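Visitor: The structure follows.
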């Protein structure tokens, strides 16, 4: 990785960390982009290089992590020796890995989602989109004939 890219990643992480800390200390609504930038030691234009708005920080990478879980499910589904349950477990582990990589950020975000209906609505929409996507993948798998019929019978 070149120095410019590494510096960009450090700045992005500094912005996320500063925002989470400021949101926790002062409340999401009270914190400005200028305050986040100053706490991260960067100019506000650097903030806008990485994010379009303040709430983007809270959802940074969230949808991408869910997409990674879906990719892992598809990759597992492509292996004839993998069961549906193994593929679902692999997808779930991708989500769990994202949480365990930065648990303090995950918990801070969860607290904010709980307190702020607008943020919670965005998170729920992202989750619902992912559930719909993964449900479609599971349905494709079940209709492919590679898994025993799992539907209940009378």
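Numbering (the numbering used here), first residue to last: 615 to 768. For each residue, glycine too, the CB sits at the ideal point set by N, CA and C. Since the model is a prediction, treat every value here as computed from it, not as a measurement.
1. Leaving out five residues on either side along the sequence, give the residues of the same chain with a beta carbon under 8 angstroms from the beta carbon of residue 679.
2. Pick helix, strand or coil for residue 660, following the three-state DSSP scheme.
3. Can you grab the Cα-Cα spacing for the pair residue 720 / residue 732, in whole Å?
4. Considering only the beta carbon of each residue, do residue 698 and residue 756 sit closer than 9 angstroms?
5. Which term fits residue 651, buried or exposed, when burial requires 16 or more other beta carbons within 10 angstroms of its beta carbon?
6. According to DSSP, is residue 717 helix, strand or coil?
7. Just checking, does the region 636-653 make contact with the region 617-624 on the three C-beta pairs under 8 angstroms criterion?
8. Whose C-alpha, out of 656, 658, 655 and 683, is nearest the C-alpha of residue 751?
9. Which term fits residue 692, buried or exposed, when burial requires 16 or more other beta carbons within 10 angstroms of its beta carbon?
10. Nearest-angstrom Cα distance between residue 626 and residue 661?
11. Whose C-alpha, out of 687, 740 and 674, is nearest the C-alpha of residue 623?
12. Under DSSP, the alpha helix (DSSP H) around residue 693 begins and ends at which residues?
13. Of the choices 648, 694 and 631, whose alpha-carbon is the least far from that of residue 823?
14. Between residue 654 and residue 629, which are expected to be in contact by the criterion C-beta below 8 angstroms, what is the C-beta distance as a whole number of angstroms?
Guide: Let me spell this out:
1. Excluding residues within five positions, the ones whose Cβ falls inside 8 angstroms are 708, 709 and 712.
2. helix
3. 18 angstroms
4. yes
5. buried
6. helix
7. no
8. 683
9. It counts as exposed.
10. 8 angstroms
11. 674
12. Residue 693 -> no alpha helix (DSSP H), and no H or E assigned at all.
13. The first residue shown for the chain is 615 and the last is 768, placing residue 823 beyond what the model contains.
14. Between the beta-carbon of residue 654 and that of residue 629 there is about 5 angstroms, and that keeps the pair under the 8 angstroms contact cut.
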